[in-house]
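K.L.:
Same order as they appear, the protein sequences are chains A and B. Quick note: the first sequence, position 29, residue 18 per this note's numbering, numbers continuous. Quick note: the second sequence, position 39, residue 127 per this note's numbering, numbers continuous. All C-beta atoms, glycine included, are put in the ideal place defined by N, C-alpha and C. Everything numeric in this text was worked out from a predicted model, so none of it was measured. For reference, the structure I am asking about is given below.
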Amino acid sequence: NAGVTQTPKFRVLKTGQSMTLLCAQDMNHEYMYWYRQDPGMGLRLIHYSVGEGTTAKGEVPDGYNVSRLKKQNFLLGLESAAPSQTSVYFCASQRGNVGNEQFFGPGTRLTVL
Amino acid sequence: KNEVEQSPQNLTAQEGEFITINCSYSVGISALHWLQQHPGGGIVSLFMLSSGKKKHGRLIATINIQEKHSSLHITASHPRDSAVYICAVNYNNDMRFGAGTRLTVKP
Chain A
-10 NAGVTQTPKF RVLKTGQSMT LLCAQDMNHE YMYWYRQDPG MGLRLIHYSV GEGTTAKGEV
50 PDGYNVSRLK KQNFLLGLES AAPSQTSVYF CASQRGNVGN EQFFGPGTRL TVL
Chain B
89 KNEVEQSPQN LTAQEGEFIT INCSYSVGIS ALHWLQQHPG GGIVSLFMLS SGKKKHGRLI
149 ATINIQEKHS SLHITASHPR DSAVYICAVN YNNDMRFGAG TRLTVKP
């Protein structure tokens, strides 16, 4: 099993450009999450999904959209990138309800110039 | 104010020392997680707790629900334990994280 994978690993954007980050998991997990990690601030939840076709906002959702068309994939979109979205993005998946272990992807380092 | 506070922010220890990292939270939770982030950036889950105590090898995690406090202990620390340790709590379907404790274990 590959676990949780993220594509791409690195990306540099110019302000105003758009892009989509892909998270894929092969563990048949129901729950999936997108986080951002900034120096000195820890991880913050952007959006999450509790199942195929469902999404919900987390702590810092502004400027991002998500989709979960297939159970194994969770996409994070930036419609018009801003320098404040420079960060490391982590995806995670979890079986069932909140009391289970989360499995993290390797991260995507995004720089917006 | 962050819902999850960790202490200390940074910790340097000599190999073999007993390590304690603390986590306090201010919200009602369904579970608490301890995570380890390696110097290369990867994050792995160490423990998930909803009550009591768990042990895995040299790592021990405890939680006191009434006091809203958890501790992560490392016995006989080793340089390979050097990493950032992160406390996180589940409430509703949300996750909130502490800022992390950077541990350096010197040989």
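1. Using a Cβ-Cβ cutoff of less than 7 Å, which residues in the same chain neighbour W122 of chain B once the five nearest sequence positions on both sides are dropped?
2. So the beta strand (DSSP E) R158 of chain B belongs to, where does it begin and stop?
3. Can you name the residues that DSSP bridges to A187 of chain B?
4. Less than 9 Å between the C-beta atoms of V(-7) of chain A and S82 of chain A, yes or no?
5. Confirm, please, whether the CB-CB distance from T9 of chain A to P72 of chain A is below 9 Å.
6. Give the single residue among B:N90, B:C111, B:G116 whose Cα lies nearest to the Cα of P96 of chain B.
7. Select from the stretch 31 to 62 of chain A all residues with a C-beta closer than 9 Å to any C-beta belonging to chain B, and list them in chain order.
8. Which word fits F(-1) of chain A, buried or exposed, when buried means at least 16 other C-beta atoms lie within 10 angstroms of its C-beta?
9. Verify the CB distance criterion: does I162 of chain B have a CB-CB separation below 9 Å to chain A?
10. Please determine, among A:V101, A:S69, A:L64, A:G29, the residue with the shortest C-alpha to C-alpha distance to T(-4) of chain A.
11. How would you write the range of the beta strand (DSSP E) that N54 of chain A sits in, first residue to last?
12. Under 8 Å by Cβ, that's how I've got N181 of chain B and V39 of chain A pegged, so tell me the actual separation to the nearest angstrom.
13. Return the first residue and the last residue of the beta strand (DSSP E) that Q151 of chain B is part of.
14. For the stretch 102 to 121 of chain B, list every residue whose C-beta sits within 8 Å of some C-beta in chain A, in sequence order.
15. Run through chain B and tell me which residues come within less than 8 Å of P95 of chain A, C-beta to C-beta.
16. At 8 Å on the CB atoms, spell out the chain B contacts of Q14 of chain A, in chain order.
17. Could you tell me which residues DSSP puts in a beta bridge with E93 of chain B?
18. On a Cα-Cα basis, can you pick out the residue from A:S69, A:C12, A:A70 that is closest to Y22 of chain A?
19. In angstroms, rounded to a whole number, what distance separates the CA positions of T163 of chain B and T192 of chain B?
20. Kindly indicate which three-state DSSP category S73 of chain A falls into: helix, strand or coil?
21. Below 7 Å on C-beta distance, what does A187 of chain B contact in chain A?
22. Would you grab the beta carbon distance between R190 of chain B and N98 of chain B for me? Rounded to a whole angstrom, and I think it's under 8 Å.
P.N.:
This is what the structure gives:
1. L134, F135, A149, L160, Y173, C175
2. Residue identity check: residue 158 of chain B is Ser in the sequence provided, not Arg. Residues 157 to 162.
3. Beta-bridge pairing links A187 of chain B to no other residue.
4. yes
5. no
6. B:C111
7. Of all residues in the stretch 31 to 62 of chain A, G31, L32, R33, L34, Y37, V39, A45, G47, E48 have a Cβ within less than 9 Å of some Cβ in chain B.
8. exposed
9. no
10. Ranking the options by Cα distance to T(-4) of chain A, first place goes to A:L64.
11. First-last of the beta strand (DSSP E) with N54 of chain A: 53 to 56.
12. 6 Å
13. In the sequence as displayed, the identity of residue 151 of chain B is Ile instead of Gln. Its beta strand (DSSP E) spans residues 147 to 152.
14. S118, A119, H121
15. G129, G130
16. None at all; the shortest Cβ gap to chain B is about 14 Å.
17. B:S112
18. A:C12
19. 14 Å
20. helix
21. Here the neighbours are G29, M30, G31.
22. Yes, they are in contact, since the Cβ atoms of R190 of chain B and N98 of chain B sit about 5 Å apart, within 8 Å.
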